[in-house]
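Down below is the structure, laid out as structure tokens.
Residue numbers (my numbering), protein chains in the order written: chain A, 1 to 455; chain B, 1001 to 1341.
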């Protein structure tokens, strides 16, 4: 990536600054940078305020509560309290991180919270309030792609950074990507790329799949991704049926599956819909059927441990994918699970993990840039290579602000040893296998644009 | 053909739930003239009676052993106390938690219904319907948030008894090929349960003196009052009975949909449509419309139907409601003059 551009814009100026930084001590560069560029909500006192926008009410409130726990833990660690968690294991290419437990850029980290209610308009309102009234310099969180896309767009317009929480739609870093937005969580394409080879190995090439899909942005992109990746290994997609979000009873959608000739049911559902559709599909005896001379099987491409608990015994043996799992044994995961477990008495969810990591990444980017200026943060995060955060070596790709890292293929644990032991990791799919070109057709249609510092 | 039979079964089971809720709604509207938007919350509370029953039966005691966790602390190994006390019988009690929860649901919901009517609803009898709707809707939100505060937002799995959890072979029952037409046994049990409750309610209203007084009161409250009968007390009891019916519908539904705090809202709107289509104040209409709309909803979801009319599964119930309100505003079996100008 060239540091010199012919057209002079904010990004060009930033890159020039970064190039100058190569020849100057970091603190000089950061100070000069911060002095030269005004930005929205620049902290003037001894503290800096972050905005944690999570679902505190509504269907994903439990996931939101876990995100908030992770954020509070991250703040504690950044301010030098607790055992430091992943701050002790995090590394960036070229050396150590700038995180020392002395806040961020010497300022104590404080936070405000908002309630997304898992509704786009409510999420935008709470983010707007945190930016305008609470002077939050960064917004993060969420448990829905619809919400993430809406808040990301708001942050771009306002001129603050958005560090997405749990959002799995391809569109978040595809057609709806924004320069001020960053996603650590994996996406639907990656789920498909990781799952398909495992499914092929487990069930063979000659399979006929029937999709039941939640009728909104995330469901559509997951359906397209899983269909494409399973077709690539030889499966045939028999039917794609959209179901209303929050349908509750899926019996009328499951019954036709029995007559369709399909031998695999793919449930592109999340949250309560996943719990209900999976439970009901199992209770309709689908997994006891023999179709086309094969055992009928069910696949849940995106798993959430918190929500899988709602499906009880029905998840056993069912394949899916997840961004991270508390049972991983790398040093970063162990450090995070220890910190979180000792603080709260139970292991963190994947939502908690991604939110915690996003907070540390933001803080490190601020330290690297020497400023909280969103354009400085963008510059520091673009192309960042880091490790020690639970997913192996990871790249924050500059082209689309998507993290590329290992993806976990999991299945419902047949022999759980505790109530947290719902999923077992069956394969860690390497990052190369789930990486795609920035101009991949599933991700085209939008422009990253220029960063906005808001002032 | 097999698909049609399965959709009929789906429709009957779904219709059973709609009919039970609509029956309670109609009883309340017919006796007290109140449009009760908190009725879905009563269904939800019933579902959580089953959750509580299971939680009570699965309460655990420490075995004295400990195990270490991934985060370096130790936690006690536990076992359900009923298993500790009664051995295999204790396990059977846990397995049959949902049917057993009826023993908890009926008294709890009768009390909730009584308290609701005496404590809140009676103050709104003479107020406009709009105010009744607002206050009962507000109550529904309060109850849902209370349940969420206690039980969390995620669905809680409540399995049916293992003996009723398998598949029922309808094909074999009617002399067809075995294992061709199979249906989850609990869903069929639910249909039979709802049909039984509906029959009991109708028999109670038809063949008991209490029921006759209530029906008379529904027709002409003032005249019944002039006969020296305290119709108000009887209507309060009917409100409690309606709450218990909704609660039972919810408790027995838990193995079909894992309950969460919002489950009542999901049923409430559909049940109001059922009441409107059946005819406000018509008990028979509520039951008939419940089953009819359940069946229509199931058939509309068939792929063959959706290929001709995409998206019809999501609007069919409302479409029928619009047509009924346009053509016959009092509903299919509603009394002349109700909802008509």
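The beta carbon of each residue, even a glycine, is placed where N, CA and C say it ideally should be. Note that the structure is a prediction, hence the values are computed from the model and not measured.
Residues of chain B with CB closer than 8 angstroms to the CB of residue i, please, in chain order.
i, result
"residue 143 of chain A", "Neighbours of residue 143 of chain A on chain B: none; closest Cβ ~11 angstroms, over 8 angstroms."
"residue 59 of chain A", "1153, 1260 and 1262"
"residue 68 of chain A", "Those within 8 angstroms of residue 68 of chain A in chain B number zero; the least Cβ separation is about 13 angstroms."
Among all the DSSP beta bridges, which residues are the ones paired with residue i?
i, result
"residue 358 of chain A", "BP columns for residue 358 of chain A are empty, so no partner."
"residue 1116 of chain B", "DSSP output for residue 1116 of chain B lists no bridge partner at all."
"residue 267 of chain A", "A:212"
"residue 1078 of chain B", "B:1062"
"residue 198 of chain A", "None; residue 198 of chain A has no bridge partner."
"residue 386 of chain A", "A:92 and A:394"
"residue 1168 of chain B", "B:1183"
"residue 47 of chain A", "A:108"
"residue 302 of chain A", "A:321"
"residue 1306 of chain B", "Beta-bridge pairing links residue 1306 of chain B to no other residue."
"residue 183 of chain A", "A:402"
Just verifying my parser: in three-state terms, what is the DSSP assignment at residue i?
i, result
"residue 1123 of chain B", "helix"
"residue 124 of chain A", "helix"
"residue 326 of chain A", "coil"
"residue 445 of chain A", "coil"
"residue 457 of chain A", "An answer regarding residue 457 of chain A cannot be provided, because it is not within the stretch 1 to 455 covered by chain A."
"residue 402 of chain A", "strand"
"residue 161 of chain A", "strand"
"residue 1262 of chain B", "coil"
"residue 1037 of chain B", "coil"
"residue 285 of chain A", "coil"
"residue 290 of chain A", "strand"
"residue 1088 of chain B", "helix"
"residue 146 of chain A", "helix"
"residue 1256 of chain B", "coil"
"residue 321 of chain A", "strand"
Contact criterion: CB-CB distance below 8 angstroms. Does residue i meet it with respect to chain B?
i, result
"residue 326 of chain A", "yes"
"residue 462 of chain A", "Outside the modelled stretch of chain A, which goes from 1 to 455, sits residue 462 of chain A, for which no answer is possible."
"residue 293 of chain A", "no"
"residue 256 of chain A", "yes"
"residue 428 of chain A", "no"
"residue 285 of chain A", "yes"
"residue 276 of chain A", "yes"
"residue 113 of chain A", "no"
"residue 306 of chain A", "yes"
"residue 62 of chain A", "yes"
"residue 347 of chain A", "yes"
"residue 259 of chain A", "yes"
Determine the chain A residues that contact residue i at a beta-carbon separation under 7 angstroms, and present them in chain order.
i, result
"residue 1343 of chain B", "The structure shown does not extend to residue 1343 of chain B, since chain B is modelled only from 1001 through 1341, so no value can be given for it."
"residue 1209 of chain B", "In chain order: nothing, as chain A lies at least about 39 angstroms away."
"residue 1301 of chain B", "252 and 253"
"residue 1010 of chain B", "251, 252 and 255"
Residues of chain B with CB under 7 angstroms from residue i, in chain order?
i, result
"residue 272 of chain A", "1155 and 1260"
"residue 312 of chain A", "1157 and 1159"
Is the CB of residue i under 8 angstroms away from at least one CB in chain A?
i, result
"residue 1053 of chain B", "no"
"residue 1026 of chain B", "no"
"residue 1095 of chain B", "no"
"residue 1184 of chain B", "yes"
"residue 1003 of chain B", "yes"
"residue 1257 of chain B", "yes"
"residue 1248 of chain B", "no"
"residue 1293 of chain B", "no"
So residue i packs on residue j, CB below 8 angstroms; how close in whole Å?
i, j, result
"residue 1291 of chain B", "residue 1076 of chain B", "Going by Cβ atoms, the distance from residue 1291 of chain B to residue 1076 of chain B rounds to 50 angstroms, so no, they are not a contact pair."
"residue 1295 of chain B", "residue 1011 of chain B", "3 angstroms"
"residue 201 of chain A", "residue 107 of chain A", "Not really, about 51 angstroms apart at Cβ, beyond 8 angstroms."
"residue 1246 of chain B", "residue 1101 of chain B", "Residue 1246 of chain B to residue 1101 of chain B, Cβ: 14 angstroms. No contact."
"residue 120 of chain A", "residue 150 of chain A", "4 angstroms"
"residue 1154 of chain B", "residue 256 of chain A", "Their Cβ separation, rounded to whole angstroms, is 28 angstroms, which puts residue 1154 of chain B and residue 256 of chain A out of contact at 8 angstroms."
Residue i versus chain B: which residues are under 9 angstroms apart at the beta carbon?
i, result
"residue 186 of chain A", "The contacting residues do not exist; residue 186 of chain A stays about 22 angstroms from chain B at best."
"residue 342 of chain A", "1071, 1072 and 1073"
"residue 414 of chain A", "Result: empty, since nearest Cβ-Cβ is about 17 angstroms, beyond 9 angstroms."
Is there at least one Cβ from chain E nearer than 8 angstroms to residue i's Cβ?
i, result
"residue 237 of chain A", "As a matter of chain content, chain E is missing from the structure shown, whose protein chains are A and B."
Determine the chain A residues that contact residue i at a beta-carbon separation under 8 angstroms, and present them in chain order.
i, result
"residue 1266 of chain B", "246 and 248"
"residue 1132 of chain B", "Those within 8 angstroms of residue 1132 of chain B in chain A number zero; the least Cβ separation is about 26 angstroms."
Determine the chain A residues that contact residue i at a beta-carbon separation under 9 angstroms, and present them in chain order.
i, result
"residue 1167 of chain B", "283, 284, 285 and 288"
"residue 1206 of chain B", "Ordered by position in chain A, no residue passes the 9 angstroms Cβ test against residue 1206 of chain B, which lies about 31 angstroms from the chain."
"residue 1014 of chain B", "249, 251 and 252"
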